[in-house]
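*Asks:*
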Amino acid sequence: MELKKSTKVLFGIAAGIVLLFIYAPLAVVLINSVNGDATLAWPVRSVTFEWWGRAFHSAGLLSAALTSFGVAIVATIVSLILGTLCALALQRYDFFGKSAINMLVILPIALPGIVTGIALNNAFTTMVGIKLSMFTLIVAHVTFTIVTVYNNVFARLGQLGQHTEEASADLGAGVWTTFRLVTFPRIKSSLFAGALLAFALSFDEIVVTTFTAGQDITTLPIWIMNNMFRPHQAPVVSVVAVIMVVISLVPLWLSQRVTSDID
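In terms of the UniProt record's numbering, the sequence shown has 34 at position 34, counting the first letter as 1, and numbering is strictly consecutive.
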């Protein structure tokens with residue numbers, strides 16, 4: 001369908017307004033990270049990189065960053081294993097309750113984070129009797145990061161079909177050999193894309209983390225919340241926010257490039 005020139009102009013203006021609404025606040029955060037005024041006064045009267053130096057020399061901040069990286073990496077690895085197994089089972093086999101399991105795997109990403117956080121907190125502390133710790137935090141992150149891996153692998157397996165795997169089995173290869181030599185090479189790009197998305201989701205998650213981390217664990221998003229309104233810390237928080245945006249965007253960009261290259 002061919003659109004009129006006036007319609008294209010209106011759509012372009014509307015898209016520009018939406019993008020401005022989304023990304024203008026990010027530009028403000030970037031400007032605040034070099035704002036010479038510790039109270040972030042506007043308009044900006046001076047520019048300084050002092051806050052960047054303070055950020056990279058803050059022991060508490062670096063510790064929180066390492067915690068976030070560690071949790072995200074472990075959650076991503078576990079999600080790769082479980083998500084791939086779930087995708088293989090639900091894409092390649094028929095069994096009772098298949099549709100229900102498919103919905104349950106995807107459900108955590110659709111639920112509000114506060115609902116997931118409260119539910120997991122009650123499950124850990126009341127039902128199971130486990131003290132909130134790094135273990136409970138990683139388990140909580142896996143519940144929603146697994147979805148990104150599962151969706152990517154499930155879709156890729158659906159595109160590939162089963163002919164090559166059946167041919168491998170006819171030639172005498174076992175299940176593991178077929179997966180290692182036939183299936184894995186064809187889904188590895190989807191695994192990589194799913195892992196990048198899982199890492200990005202886990203790294204900047206705060207709502208579920210708040211309910212499942214325990215009092216002694218501080219991730220980068222929690223550090224930001226704790227320091228947001230402390231005196232002279234707002235510019236440093238802006239620096240951390242800029243870094244988090246970059247760290248989150250890189251995996252998303254790479255994931256998009258990888259998935260777009262899948263034939």
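Glycine residues also receive a C-beta, built at the ideal position from the N, C-alpha and C atoms. Note that the structure is a prediction, hence the values are computed from the model and not measured.
Span of the alpha helix (DSSP H) holding P185?
*Replies:* Mapped onto the sequence shown, residue 185 falls at position 185. Start and end: F184 to F203.
*Asks:* Whole angstroms is fine: what's the gap from N35's alpha carbon to A15's?
*Replies:* Position 35 of the sequence shown, counted from the start, is the residue given in the question as residue 35. Position 15 of the sequence shown, counted from the start, is the residue given in the question as residue 15. One C-alpha to the other measures close to 30 Å.
*Asks:* Taking the C-alpha atoms as reference points, what is the distance between V208 and I217?
*Replies:* For the purposes of this step, residue 208 is taken as the residue at position 208 of the sequence shown. For the purposes of this step, residue 217 is taken as the residue at position 217 of the sequence shown. Their Cα atoms are separated by approximately 13 Å.
*Asks:* Any idea what DSSP makes of V47, helix, strand or coil?
*Replies:* Within the sequence shown, the letter at position 47 stands for residue 47. Strand, per DSSP.
*Asks:* For N35, list the residues DSSP reports as bridge partners.
*Replies:* By 1-based counting over the sequence shown, the position of residue 35 is 35. BP columns for N35 point to V47.
*Asks:* Just the C-alpha distance for L88 and V105, rounded to the nearest angstrom, thanks.
*Replies:* Reading the sequence shown from its first residue, position 88 is the one you call residue 88. Reading the sequence shown from its first residue, position 105 is the one you call residue 105. In a straight line, the C-alpha of L88 is about 13 Å away from that of V105.
*Asks:* Are the segment 93 to 108 and the segment 168 to 178 touching, with three or more C-beta to C-beta distances below 8 Å?
*Replies:* No, the segment 93 to 108 is not in contact with the segment 168 to 178.
*Asks:* Would a C-beta distance cut-off of 8 Å place F144 and T116 closer than the cut-off?
*Replies:* The sequence position of residue 144 within the sequence shown is 144, counting from 1. The sequence position of residue 116 within the sequence shown is 116, counting from 1. A contact, by the Cβ cut-off of 8 Å.
*Asks:* Under 6 Å Cβ to Cβ from T84, same chain only, skipping five residues before and after it: list those, please.
*Replies:* Numbered from 1 along the sequence shown, position 84 holds the residue referred to as residue 84. Excluding sequence neighbours, T84 sits near V153.
*Asks:* With 16 other CB atoms within 10 Å as the buried threshold, where does D263 fall?
*Replies:* Taking the first residue of the sequence shown as 1, we reach residue 263 at position 263. Annotation note: pLDDT 47 at D263 (below 50); position unreliable, coordinate value reported separately. It is exposed - the Cβ of D263 has fewer than 16 other Cβ atoms within 10 Å.
*Asks:* Could you check if residue 265 is buried or exposed, using at least 16 other CB atoms within 10 Å of its CB as the buried criterion?
*Replies:* With the chain covering only 1 through 263, there is no way to say anything about residue 265.
*Asks:* Rounded to the nearest angstrom, what separates S248 and V242 at their Cα positions?
*Replies:* Residue 248 sits at position 248 when you count from the first residue of the sequence shown. Residue 242 sits at position 242 when you count from the first residue of the sequence shown. Answer to the nearest angstrom: the Cα atoms are 10 Å apart.
*Asks:* Can you tell me where the alpha helix (DSSP H) with L107 in it begins and where it stops?
*Replies:* Here residue 107 refers to the residue found at position 107 when the sequence shown is read from its first residue. Looking at the DSSP string, the run of the alpha helix (DSSP H) that includes L107 is K98 to A110.
*Asks:* Would you call S6 buried or exposed, if buried means 16 or more other Cβ atoms sit within 10 Å of its Cβ?
*Replies:* In the sequence shown, residue 6 corresponds to position 6, counting from 1. Its Cβ having fewer than 16 others within 10 Å, S6 is exposed.
*Asks:* Taking a contact to mean a Cβ-Cβ separation below 8 Å, would you say L191 touches V149 in this structure?
*Replies:* Numbered from 1 along the sequence shown, position 191 holds the residue referred to as residue 191. Numbered from 1 along the sequence shown, position 149 holds the residue referred to as residue 149. For L191 and V149, yes; Cβs fall inside 8 Å.
*Asks:* Taking the alpha-carbon positions, what's the Q127 to P112 distance?
*Replies:* For the purposes of this step, residue 127 is taken as the residue at position 127 of the sequence shown. For the purposes of this step, residue 112 is taken as the residue at position 112 of the sequence shown. Checking the sequence shown, residue 127 turns out to be Met, not Gln. Spanning the two alpha carbons is a distance of roughly 21 Å.
*Asks:* Would you mind working out which of H232, A75, I138 and F184 sits nearest L160, comparing C-alpha positions?
*Replies:* As a working note, residue 160 is residue 160 in the sequence shown. Per the Cα distances, F184.
*Asks:* On the criterion of 16 or more Cβ atoms from any shown chain inside 10 Å, does G194 qualify as buried, or is it exposed?
*Replies:* For the purposes of this step, residue 194 is taken as the residue at position 194 of the sequence shown. Classification of G194: buried, given that the 10 Å Cβ count is 16 or more.
*Asks:* Name the residue from T164, I206 and L40 whose alpha carbon lies nearest to the alpha carbon of T178.
*Replies:* In the sequence shown, residue 178 corresponds to position 178, counting from 1. Comparing Cα-Cα distances from T178 to each of T164, I206 and L40, the minimum goes to T164.
*Asks:* Tell me which residue opens and which closes the alpha helix (DSSP H) that Y217 is part of.
*Replies:* Taking the sequence shown and counting its residues from 1, one reaches residue 217 at position 217. Residue 217 is actually Ile in this sequence, not Tyr. I217 -> no alpha helix (DSSP H), and no H or E assigned at all.
*Asks:* At which residues does the alpha helix (DSSP H) containing S133 begin and terminate?
*Replies:* Here residue 133 is taken as the residue at index 133 of the sequence shown, counted from 1. Here S133 belongs to no alpha helix (DSSP H), and DSSP marks it neither H nor E.
*Asks:* Is L157 near T212, with beta carbons less than 8 Å apart?
*Replies:* Position 157 of the sequence shown, counted from the first residue, corresponds to residue 157. Position 212 of the sequence shown, counted from the first residue, corresponds to residue 212. No, the Cβ-Cβ distance between L157 and T212 is not below 8 Å.
*Asks:* Could you tell me which of Y23, T76 and W51 sits nearest to N32, measuring between CA atoms?
*Replies:* Here residue 32 refers to the residue found at position 32 when the sequence shown is read from its first residue. For the residues Y23, T76 and W51, the minimum Cα distance to N32 belongs to W51.
*Asks:* Tell me which residues share the same chain as L90 and place their Cβ nearer than 7 Å to its Cβ, disregarding the 5 neighbours each side in the sequence.
*Replies:* The sequence position of residue 90 within the sequence shown is 90, counting from 1. Once the five neighbours on either side are set aside, the close Cβ partners of L90 are K98, I101, N102 and F154.
*Asks:* Have a look at I114 and A41 and give me their C-alpha separation to the nearest angstrom.
*Replies:* In the sequence shown, the residue the question calls residue 114 occupies position 114. In the sequence shown, the residue the question calls residue 41 occupies position 41. C-alpha separation (whole angstroms): 33 Å.
*Asks:* Could you tell me if N122 is buried or exposed, where buried requires 16 or more neighbouring beta carbons within 10 angstroms of its beta carbon?
*Replies:* Translated into positions along the sequence shown, residue 122 becomes position 122. Flag for N122 reads exposed.
*Asks:* From P43, L20 and V29, pick the residue whose C-alpha is nearest to that of V236; which is it?
*Replies:* The residue given as residue 236 occupies position 236 in the sequence shown. Nearest C-alpha to V236: V29.
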